[in-house]
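In terms of the working numbering, the sequence shown opens at residue 266 and continues consecutively. Positions of the beta carbon are idealized from the N, C-alpha and C atoms, including for glycine. Note that this is a predicted model, so its numbers are computed, not measured. Encoded as structure tokens, the structure appears first; notes follow it.
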Amino acid sequence: TITSGVTIEMECVAGEPYPAGKDPNRIEIIAYGGLQVDGAHFTGSIPSSGCWYGLELIGLGVEYSIRNSTIDSGVVGIYISSNSYAEITGNTIMNMRGVDGAAGANPGDDGKDGEAGAGIWLAYVYMPPPLNLASFTTALTSTAILSNTITVIGGGTGGAGVPGDVGQPGGSGGRGGDAYGIYREFTSASHTIANNEITDIIGGMGGTGADGGAGGNAPDASVPGGPGGAGGNGGDGGSATGIYLNYRLAPV
266 TITSGVTIEM
276 ECVAGEPYPA
286 GKDPNRIEII
296 AYGGLQVDGA
306 HFTGSIPSSG
316 CWYGLELIGL
326 GVEYSIRNST
336 IDSGVVGIYI
346 SSNSYAEITG
356 NTIMNMRGVD
366 GAAGANPGDD
376 GKDGEAGAGI
386 WLAYVYMPPP
396 LNLASFTTAL
406 TSTAILSNTI
416 TVIGGGTGGA
426 GVPGDVGQPG
436 GSGGRGGDAY
446 GIYREFTSAS
456 HTIANNEITD
466 IIGGMGGTGA
476 DGGAGGNAPD
486 ASVPGGPGGA
496 GGNGGDGGSA
506 TGIYLNYRLA
516 PV
């Protein structure tokens with residue numbers, strides 16, 4: 266239990282000393298057992314988006330309650346597995362941003378895509394037999410997302426392409442990451458999503474395309490030099506969605 270008025274500040278450092286969870290490079294709070302929070306503040310030591318990852322509620326059949334709290338400066342504010350029950354009510358989730366894509370490493374390489382940022386992510390978690398019994402579906406997988414304020418959520422910027430070698434094309438920029446207020450993966454779980462205020466959801470910028478390689482030198486004035494390489498394309502920007510319902514087929 267975390268009570269009212271408590272601030273939990275995650276140190277924002279390069280790399281994580283004990284890699285685990287969704288992002289091995291960022292600090293996360295991973296709750297396997299029950300977590301009850303009312304009136305707390307979760308933030309990063311540096312007040313900027315993407316400083317830490319977020320809360321992960323992933324216990325099998327575990328009940329969670331996050332109320333009247335502030336979660337800021339992460340990547341995904343609250344990540345909830347489909348085999349848990351969570352009540353997420355009256356919170357402010359803000360300044361989340363997906364991880365930027367890495368630049369290409371070698372001449373002509375494309376940049377990597379930026380990653381998604383989200384306020385709340387409702388994840389599908391496959392439970393192989395005998396765990397996926399019908400009795401689990403109704404007893405363990407209801408979640409309520411009610412009356413939260415979710416604001417300033419962005420996708421990561423796509424990585425830049427690398428200029429090409431002589432006569433070779435430059436690398437294209439990576440795609441910007443998507444941004445979601447609430448993202449719901451395909452699941453048979455019951456979710457109630459109501460009365461949330463979702464604003465300022467911004468897809469990430471596409472990465473910069475790189476210059477093409479220079480033309481080749483001519484051996485003498487009577488022979489033309491080789492053509493230069495084409496410049497790389499800039500990456501597409503990421504999409505932005507308030508509430509995204511993913512209806513992809515679940516594994517069997």
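{"query": "So, helix, strand or coil for D465, using DSSP?", "result": "strand"}
{"query": "State buried or exposed for T422, treating a residue as buried only when at least 16 other CB atoms are found within 10 Å of its CB.", "result": "buried"}
{"query": "Could you compute how far the alpha carbon of K287 sits from the alpha carbon of E276?", "result": "17 Å"}
{"query": "Any idea which residues DSSP pairs V302 with across the strands?", "result": "I267, I331"}
{"query": "Applying the 10 Å Cβ sphere with the 16-neighbour rule, what's the burial state of G436?", "result": "buried"}
{"query": "Is G382 closer than 9 Å to I418 when the C-beta atoms are compared?", "result": "yes"}
{"query": "Quick check: what's the CA-CA separation for G298 versus M361?", "result": "25 Å"}
{"query": "Around the Cβ of G472, are there at least 16 other Cβ atoms within 10 angstroms (buried) or fewer (exposed)?", "result": "buried"}
{"query": "Give me the Cα-Cα distance between I466 and P484, rounded to the nearest whole angstrom.", "result": "55 Å"}
{"query": "According to DSSP, simplified to helix, strand and coil, what is E380?", "result": "coil"}
{"query": "Tell me the residue span of the beta strand (DSSP E) that contains E352.", "result": "350-354"}
{"query": "Which residues in the same chain as S310 place their Cβ atom closer than 8 Å to its Cβ, once the five residues preceding and following it in sequence are excluded?", "result": "E274, M275, E276, C277, C316"}
{"query": "Please name the residue in A351, G342, V302 whose C-alpha comes closest to that of L325.", "result": "A351"}
{"query": "Are the CB atoms of G424 and D365 within a distance shorter than 9 Å?", "result": "yes"}
{"query": "Using a 10 Å radius around the Cβ and a threshold of 16 neighbouring Cβ atoms, would you call P492 buried or exposed?", "result": "exposed"}
{"query": "Which residues in the same chain as A368 place their Cβ atom closer than 6 Å to its Cβ, once the five residues preceding and following it in sequence are excluded?", "result": "G376, G424, A425"}
{"query": "In terms of residue numbering, what span does the beta strand (DSSP E) encompassing S346 cover?", "result": "341-346"}
{"query": "Please tell me whether V364 has its Cβ less than 9 Å away from any Cβ of chain D.", "result": "Chain labels in this structure do not include chain D; a single protein chain is all it has."}
{"query": "Taking the alpha-carbon positions, what's the S412 to G446 distance?", "result": "13 Å"}
{"query": "Identify whether V248 lies in helix, strand or coil by the three-state DSSP scheme.", "result": "No answer is possible for residue 248: it lies beyond the span of the chain, which begins at 266 and ends at 517."}
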